[in-house]
Structure formats: structure tokens, C-alpha cells
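Its first residue numbered 22, the sequence shown is counted upward by one per residue in this note's numbering.
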Amino acid sequence: MEVIILAGGLGTRLRSVVKEVPKCMAPVAGKPFLWYLLKYLTRYNVNRVILSVGYLRQIIEEWIEEVRDEFPFEFDYAVEEHPLGTGGGIKLALKKTTTCDVVVLNGDTFFDVNLNELMDCHRLYPSTVTLALKPMYKFERYGRVIIDQVDKRIVEFKEKEFCQEGLINGGVYIINKLDPVFDELPEKFSFEKEVLETQCELGKLFGVIQNGYFIDIGIPEDYYLAEHYFNNKNKVS
22 MEVIILAGGL GTRLRSVVKE VPKCMAPVAG KPFLWYLLKY LTRYNVNRVI LSVGYLRQII
82 EEWIEEVRDE FPFEFDYAVE EHPLGTGGGI KLALKKTTTC DVVVLNGDTF FDVNLNELMD
142 CHRLYPSTVT LALKPMYKFE RYGRVIIDQV DKRIVEFKEK EFCQEGLING GVYIINKLDP
202 VFDELPEKFS FEKEVLETQC ELGKLFGVIQ NGYFIDIGIP EDYYLAEHYF NNKNKVS
């Protein structure tokens, strides 16, 4: 597998609790959050990780040089010289990949997805993008994803509002980079609007429900939850 990690997040909302670093480098239980993502990837047959970087990228690059021997895959970078939006960053990083189906992770989200299962399902579907979906309860921070329960096709994205129960986009994707959708888009664009929503309308988006641990460290409250979770996990291991 080849994996793109979107590591250019500014971490603006975290600055009240961590120093000014790329969001993926926020310290969690004594290590950068990115370390946990890379450690998770060692459970799978990942041979290459492309880090999509921009803001304060030298912090990420210097840290990778220090720890690269801990990981069995090679590293590469897709550098945004100016912000390209979520879609532009992915499009730029895809140019660095050699496989047809590419895993994409958000650098500020940990979602314990079975990547082998996700890839197997992706290859069964006529899918441009396959999403890992997380069941959630009593939430309002995330939009809801509606899928056809029979063929797992994503049929609608709901706006953020309080929801008693539903599925959310967990920020883990497999993209078929041979699909021409990216060729038709400009340098800077929104992945959510220009790819996910348009491909949903075309019936080319599928979802796989996964029940693994999920945390998005984008706000201080959830950052502290991640700190607690990985502290306990480190003690057990």
C-alpha cells in the first residue's frame, strides 16, 4: 500500500493548549500525534508514506529524519508552497504515488480502520472514493453520511446538526487515482465539495462501516481525550 497523510493542518484551535506546530505534530502522551498514525500503519503492508505538508513543514521533516528507522516504509513529501485546500493537497500528493488505489489519512484524526478490509471492499465496488464510516451517538460536531444498506453506496451527506445516532466520515479514504475526476479540477479546491459531493451524486462513492477507536484532535476537548487514551494505551503496551 501507498498512504498519503494530510499533514498541513494549521492547528489554530489547538493553540490554547499546545505550542505553534503543525496539527499532526501536537504532542500526545509524550509523542507527536503523527507517531501514532505511523505506528498504526506498521500493522499493514505499507511500503510508502507521502506526507502532504505546508505550514511549518520543516518541523515535520526534521522529526521524520530522527525517527525514520522506527518504521519499515519509505517517506516522501508533497509540498504545498501555498495553501491548496483539502482537495489540492490530495491531488498534489497523488502525483507522487505509483499504485492505482491509494490510502489517504487525515493527519489530525486517528481512526483504527482495518485497511485490508477497506481495500478489499474498495476493489469490489465501482468506486472513485471509498470512505471508512464511524458509527456515532449523540453528536453535533460532524455531518452525517447516509448509505444504501444493501449496496453500501453513499447517497447523501447531511449538514452538521445534533444527531442521536448516525454514521460520520472518519477521514480515512481509498482513492482510485485513475478516475479522471482529479484531472478536471483546478490546483486549489475542496475535496469534500468538489470530489465527495459530486461523486456521491454520480453514485461513485461507497462506504465501509468500521467500529475501531476514533478521535479527531482538532479541538482542545478531544485533544485531551486523545491524551488520556494514548497514555493508557502506552501503559498497557
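Positions of the beta carbon are idealized from the N, C-alpha and C atoms, including for glycine.
Since we're looking at a predicted model, the values are computed, not measured.
Counted within 10 angstroms of its Cβ, other Cβ atoms place residue i as buried (16 or more) or exposed
| i | result |
| --- | --- |
| Phe183 | exposed |
| Asp237 | buried |
| Val171 | exposed |
| Arg64 | exposed |
| Lys155 | buried |
| Leu223 | exposed |
Beta-carbon gap between residue i and residue j smaller than 8 Å
| i | j | result |
| --- | --- | --- |
| Val70 | Phe94 | yes |
| Tyr98 | Val67 | no |
| Leu260 | Gly228 | What is shown of the chain runs 22 to 258, which leaves residue 260 out entirely. |
| Pro43 | Gly29 | yes |
| Leu206 | Phe178 | no |
| Leu226 | Ile175 | yes |
| Ile111 | Leu72 | no |
| Cys142 | Thr149 | no |
DSSP-derived helix/strand/coil call for residue i
| i | result |
| --- | --- |
| Tyr98 | strand |
| Thr219 | helix |
| Arg89 | helix |
| Asn68 | coil |
| Leu206 | coil |
| Asp133 | coil |
| Asp200 | coil |
| Asp172 | coil |
| Ile240 | coil |
| Asn253 | helix |
Own chain, CB closer than 6 Å to residue i, minus 5 neighbours either side, in chain order
| i | result |
| --- | --- |
| Gln231 | Val134 and Ala153 |
| Glu23 | Arg69, Thr118, Thr120 and Val123 |
| Cys221 | Ile175 |
Residue interval of the beta strand (DSSP E) (run including residue i)
| i | result |
| --- | --- |
| Tyr157 | Sequence inspection shows Met at residue 157; the Tyr mentioned does not correspond to that position. Met157 -> beta strand (DSSP E) spans Val150 to Phe160. |
| Tyr194 | Cys184 to Asn197 |
| Asp237 | Phe235 to Asp237 |
| Arg165 | Arg165 to Ile168 |
| Glu138 | No beta strand (DSSP E) holds Glu138; the alpha helix (DSSP H) holding it covers Leu136 to Leu145. |
| Phe178 | Ile175 to Lys179 |
| Leu58 | That residue, Leu58, is in no beta strand (DSSP E); its alpha helix (DSSP H) goes Phe54 to Leu62. |
Contacting residues, own chain, Cβ-Cβ under 8 Å from residue i (five flanking each side not counted)
| i | result |
| --- | --- |
| Gly106 | Lys209, Phe210, Ser211 and Phe212 |
| Tyr61 | Phe131 and Asp133 |
Start-to-end residues for the alpha helix (DSSP H) that takes in residue i
| i | result |
| --- | --- |
| Thr107 | Gly106 to Leu115 |
The ligand ZN heavy atom lying under 7 Å from the CB of residue i
| i | result |
| --- | --- |
| Leu27 | No copy of the ligand ZN occurs in the structure displayed, which carries no ligand at all. |
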